[in-house]
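In what follows, a structure is listed as structure tokens, so that the remarks can point back to it.
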Amino acid sequence: MVDSGSLNHHDQEENQSGSGQQIDGHLQDALTKEDYFDKLYALNDDSEEEEISTGIRDFIQKCTKSVMTTSEPPLSLPTEERRIPPEFPTKKVPGIHRTRSAPASGTSVVKETPLPRKHSLLRYDISTPPSANTSFESKQPTQNPVFQERPAGAGSERRTVSDPLFLKNSEGIDNMLRKNQKRKRESEIKLVPEKNRIFNKLTFFYMPNNDIAKIRKVRIQKAQTYGAQWAQVYGNHITHMIVDKGITYQSLMDHLKAKYDEDKLPDRLILVNENYPVDCIHFRTLLNPNQKQYELQGMNTTSQSQAPVVGPGRNDGKQEKQREHTPPRDEYSDEEESHPGVASGASGNPNEDRTDSSPPREVPKNLETNDEFDKIIEVAHNTRFLPLDDSDSDTHTTRDNASEDDADSERDRSPIRKPVKRQLRSGSKPTFNQANFACMKAGTDSESGPNPNDATIKAFQELAAFYERTKQSWRNMAYRKGVSALRRQTRRIKSYDEAIQIPGIGDSLATKVVEMYRRGKLEKLEYARLEPRDLILQKFTKIYGVGINIAEKWYDAGHRSLADLVANVKLTENQQIGIDHYDDFNTRIPRAEMDSLASIVKDAASELDPEIEVTVGGSYRRGALTSGDIDFMITKPNTTHTSQLLLFLKELVEHLIEIGFLVAALAVPSGRRDDSGSKWHGACVHPVTAEIPTPIWRRIDLLLVPASEWGAALIYFTGDDIFNRSLRLKASTMSMRLNQRGLYKDVMRGPGRVKVTEGSLVEGRDERKIFEALGVAWRTPEQRIVG
DNA sequence: GGCTCTGCGTG
DNA sequence: CACGCA
DNA sequence: AGCC
Ligand SMILES: O=c1ccn([C@H]2C[C@H](O)[C@@H](COP(=O)(O)OP(=O)(O)OP(=O)(O)O)O2)c(=O)[nH]1
Ligand SMILES: [Mg+2]
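Rendered as structure tokens:
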């Protein structure tokens with residue numbers, strides 16, 4: 001609560017500046033970017049930095065420049081392919097801004113975009129775009145949550161978007177505002193309400209005691225807002241010494257000795273690492289500082305020789321490592337709440353592939369012939385992170401016997417006979433699995449899946465996700481593999497022997513399958529669920545644009561909530577959007593809404609160009625009852641290169657922005673490489689209706705597909721991802737290569753399977769032919785759910 | 001002891 | 001180049 | 001972690 005309060009303040013205090021500066025903003029934008037890259041490369045390259053960075057700078061400058069010049073003839077697009085990229089005013093235009101408030105005064109902003117809008121030709125009045133929004137707008141014009149707790153005020157969004165720029169947002173004004181905002185905040189410390197000042201009367205001395213490092217600076221300020229005093233000099237008034245990670249106990253003492261001639265720390269001085277204040281703030285209470293996680297490096301913990309006593313006084317002693325309390329709920333309802341469940345059941349006519357423009361759908365009866373491929377699937381999983389391995393991994397908790405983890409292949413499994421509860425399974429399967437299959441995996445949300453190993457599958461999925469965040473890639477991979485292996489089982493696996501025979505399930509997983517069967521839960525998982533660090537990482541990685549590396553970086557910097565990020569971190573454009581629409585982007589889309597979203601895009605497309613074909617891929621094509629996003633594939637007869645579709649894309653996007661459907665751009669066709677890009681990622685909003693009473697931002701992906709690559713693209717965009725990887729792996733074992741453009745043969749690979757030769761095209765147009773060429777029996781989209 | 005898919009966009 | 005996402 |  002407290003925080004949210006203060007947050008709102010920040011938010012409100014910002015004012016939209018007037019109109020004027022956008023052009024400057026662009027220039028600035030370019031400069032900024034240039035500087036950024038300079039720094040970036042300087043950091044990365046050790047040698048030849050100059051050369052490289054200047055080279056890149058030029059390159060970027062070139063891009064930027066060309067972009068800027070676009071303001072000229074918006075309408076006439078040269079047909080030559082090479083130039084296409086520049087034609088996309090990619091980032092510059094101040095465009096679709098997001099939830100940031102735009103006070104009335106800001107209205108003038110919109111307009112004079114450097115980009116002359118050409119929509120003279122597309123001022124489609126697809127009726128009522130604005131209607132919905134106005135009502136909203138009038139409601140609460142001023143209030144602006146930093147990030148939505150629920151569907152963010154569509155009103156403001158709509159408005160900003162209304163300035164029709166297309167493609168990617170620009171930072172321009174928004175960025176400057178952010179900067180100003182930050183500057184302001186830094187100069188003055190505002191305290192939280194008195195009762196919440198957990199550090200009241202405490203004096204912190206930091207080590208190093210300066211705010212040069214940005215991270216430390218932020219932390220110090222944060223502590224001050226919660227009442228802490230920041231000691232500028234070393235002395236007895238200090239209550240806590242906050243030491244950076246990286247400074248060992250020994251080096252600290254050496255330093256004190258050298259600088260202050262102190263041999264030991266003052267009595268009752270509390271010595272902790274930098275995580276302590278952060279966690280106190282997070283949990284809104286003064287935590288016990290004598291916990292292992294707050295110890296300095298090189299300070300031995302309870303076990304070894306105790307270094308010089310730190311706080312001889314009172315608080316030493318007792319508890320070794322008590323696990324801290326459970327995190328109180330989140331201040332900002334990061335979590336999503338129940339969304340208005342749009343007519344979930346109303347699935348009109350779900351499906352059938354009305355969207356399928358090509359594959360005739362017959363039911364293959366030969367699922368059995370898929371065996372060989374099934375095998376590949378098992379082998380396919382993998383993960384991109386390198387194994388940092390170390391089997392330990394566990395910072396095991398207080399309880400010791402958590403040893404289960406690896407262990408040995410003991411034969412403890414002997415006594416497993418156990419009551420059989422087969423009732424569950426027996427009657428459930430009226431018809432054949434075929435139908436069942438499709439249905440069951442259809443929605444991740446349709447709980448009661450017919451699969452008898454459902455509970456185990458869920459547990460493994462959760463564990464896999466945990467391992468991914470832990471960068472234990474091999475384990476992540478193994479559990480994902482285990483999941484798909486279990487999915488293919490039709491009976492509940494009850495014993496170790498039974499389990500270990502399933503390809504993809506080895507000793508460790510087999511043991512856990514049994515554990516699930518016997519106890520209904522996994523100790524390992526129960527433990528993982530309590531990891532406070534993991535909970536935060538989980539929260540951060542759910543932000544679009546934030547992966548494990550960044551989440552970890554932020555965590556280590558002391559950030560614990562979305563509000564921390566908003567206040568202290570330099571976010572990328574996309575991350576900003578990801579936070580602003582955190583709940584929306586993490587809310588799944590009911591199939592009925594998918595149908596409707598598809599219609600909107602298809603209608604728009606055919607109006608612009610009747611020859612264009614639009615197909616929905618992704619989980620929708622696989623028959624899912626809900627989807628995480630909506631994936632469109634766009635093609636046109638006789639096209640052989642995406643460059644032939646770029647102009648159409650541009651028009652489509654502009655139009656959809658204009659009617660208020662598209663509300664943000666997250667990734668746009670490259671322009672940075674020669675092979676002219678092929679995808680557009682962004683966000684859209686379904687018009688408000690009776691069934692969809694509240695606007696919800698949805699992730700939307702558009703993929704440009706030349707007709708000659710339709711089959712390969714269909715495979716790629718239909719997934720699922722694990723299925724794709726399996727297929728690609730199989731291809732590679734056959735000296736072939738499969739990507740979204742086609743299947744190539746005679747691919748030469750070097751060490752590490754690195755591609756050496758591009759290979760020659762085998763097939764790209766026909767989905768089935770690609771399956772055939774790979775020796776894989778045809779699988780309907782529904783049968784490609786393996787992950 | 002090696003391999004675990006391959007490519008596009010951002011900063 | 002490092003990263004995130006399809 | 002599991003497979004080759
Ligand atoms: O790592 C990946 C991720 C995705 N894809 C392909 C398959 C996938 O079906 C398609 C679309 O991706 P998306 O992330 O939208 O997945 P989805 O299968 O559509 O599921 P969701 O319901 O979460 O959107 O892109 C891959 O090949 N590899
Ligand atoms: Mg999808």
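For the first sequence, the UniProt record's numbering gives the first residue as 1, with consecutive numbering after it. Even glycine gets a Cβ: it sits at the ideal position worked out from N, Cα and C.
Excluding the 5 residues flanking Asn453 on each side, which residues of the same chain have their C-beta closer than 7 Å to its C-beta? Leu486, Gln489, Arg492 and Ile493
For Met516, the three-state DSSP class (helix, strand or coil): helix
For Glu651, which of helix, strand or coil comes out of DSSP? helix
Please output, in chain order, the residues near ligand 2 using a CB cut-off of less than 6 Å to any non-hydrogen atom of the ligand. Gly618, Ser619, Ser627, Gly628, Asp629 and Asp631
Looking at Ser676: is its Cβ nearer than 9 Å to the Cβ of Leu656? no
On the three-pair Cβ rule with 8 Å, is the region 284-296 touching the region 567-576? no
Ala683 - containing beta strand (DSSP E), residue span: Lys679 to Val685
Secondary structure at Thr780, three-state DSSP: helix, strand or coil? coil
Skipping 5 residues on each side, what residues in its chain have a beta carbon closer than 6 Å to that of His559? Leu565
Anticipated Cβ contact below 8 Å, Val705 with Thr635, distance rounded: 4 Å
Three-pair Cβ contact test at 8 Å for the region 770-779 versus the region 732-739: yes
Count the other CB atoms within 10 Å of the CB of Tyr260; is the residue buried (16 or more) or exposed (fewer)? exposed
Looking at the structure shown, is Pro590 part of a helix, part of a strand, or coil, going by DSSP? strand
Less than 7 Å between C-beta atoms, sequence neighbours within five positions excluded: which residues of the same chain meet that for Ser596? His686
By the three-class DSSP mapping on this structure, what secondary structure does Gln229 have? strand
Looking at the unbroken alpha helix (DSSP H) that takes in Tyr240, where does it start and where does it end? In the sequence as displayed, the identity of residue 240 is His instead of Tyr. Note, His240: premise wrong, no alpha helix (DSSP H); beta strand (DSSP E) at His240 to Val243.
From Pro695 to Gly628, what does the alpha carbon distance come to, in whole angstroms? 16 Å
Identified DSSP bridge partners for Arg698: Cys684
Following the continuous alpha helix (DSSP H) through Met477, name the residue where it begins and the one where it ends. Ser473 to Arg487
Specify the secondary structure class of Arg768 as computed by DSSP and reduced to three states. helix
Which word fits Glu758, buried or exposed, when buried means at least 16 other C-beta atoms lie within 10 angstroms of its C-beta? exposed
Could you tell me whether the region 215-234 touches the region 190-205, where touching means 3 or more Cβ pairs closer than 8 Å? yes
Out of Leu525, Glu613, Thr203 and Glu654, which has the shortest C-alpha to C-alpha gap to Arg268? Thr203
Return the CA-CA distance between Ile722 and Arg480, expressed in angstroms with no decimal places. 9 Å
Does the separation of the CB atoms of Ser622 and Pro751 fall below 9 Å? The sequence shown places Arg at residue 622, rather than the Ser named in the question. No, these two residues do not count as a Cβ contact at 9 Å.
Is Pro277 closer than 9 Å to Ile242 when the C-beta atoms are compared? yes
Using a Cβ-based criterion (distance less than 8 Å to any ligand heavy atom), does Ala707 qualify as near ligand 1? no
Roughly how many angstroms separate the alpha carbons of Arg725 and Val786, rounded to a whole number? 11 Å
At a threshold of 8 Å, does Asn586 count as lining ligand 1 (C-beta to nearest heavy atom)? no
Is Tyr234 closer than 9 Å to Glu262 when the C-beta atoms are compared? yes
Skipping 5 residues on each side, what residues in its chain have a beta carbon closer than 7 Å to that of Val756? Met748, Arg749 and Gly750
Using a Cβ-based criterion (distance less than 8 Å to any ligand heavy atom), does Asn724 qualify as near ligand 1? yes
How is Asn273 classed by DSSP in three states: helix, strand or coil? strand
Touch test, the region 585-596 against the region 658-675, Cβ-Cβ under 8 Å, three pairs minimum: no
Candidates Ala667, Arg672 and Ile692, of which the one nearest His681 by Cα: Ala667
Please state whether the Cβ-Cβ distance between Glu462 and Arg529 is less than 9 Å. yes
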